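> Here you go, one structure.
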Amino acid sequence: MTLVLALTWINDGAAYLIGSTWGQRKLAPHISPNKTIEGAAGELAFTI
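Residue 47 is where the sequence shown ends in numbering that gives the first Met the number 0, and the numbering goes up by one at each step.
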């Protein structure tokens with residue numbers, strides 16, 4: 000359980016850092032205005 004929580008926290012942190020550093024294109028501005036395509040792709044790549 001601790002591993003799952005730690006990986007979730009690390010994953011969210013990676014998405015934030017990648018999205019805030021390289022994020023240019025908004026993913027769904029009407030749902031989540033600060034989420035970027037680059038952040039979501041980085042989160043997916045970091046998870047795998």
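Backbone N, C-alpha and C define an ideal beta-carbon position, used for all residues, glycine too. A quick note: this is a predicted structure, and the numbers were derived from the prediction, not measured.
1. Along the chain, where does the alpha helix (DSSP H) that runs through residue 36 open and close?
2. Check whether the stretch 29–46 touches the stretch 8–15, taking contact to mean three or more Cβ pairs, one atom from each stretch, closer than 8 Å.
3. What is the C-beta distance between residue 115 and residue 43, in whole angstroms, given that I count them as a contact (C-beta under 8 Å)?
Based on what the coordinates show:
1. 36–46
2. Touching, yes, given that three or more Cβ pairs across the two stretches are closer than 8 Å.
3. Absent from the model: residue 115. The displayed extent of the chain is 0 to 47, so no value can be given.
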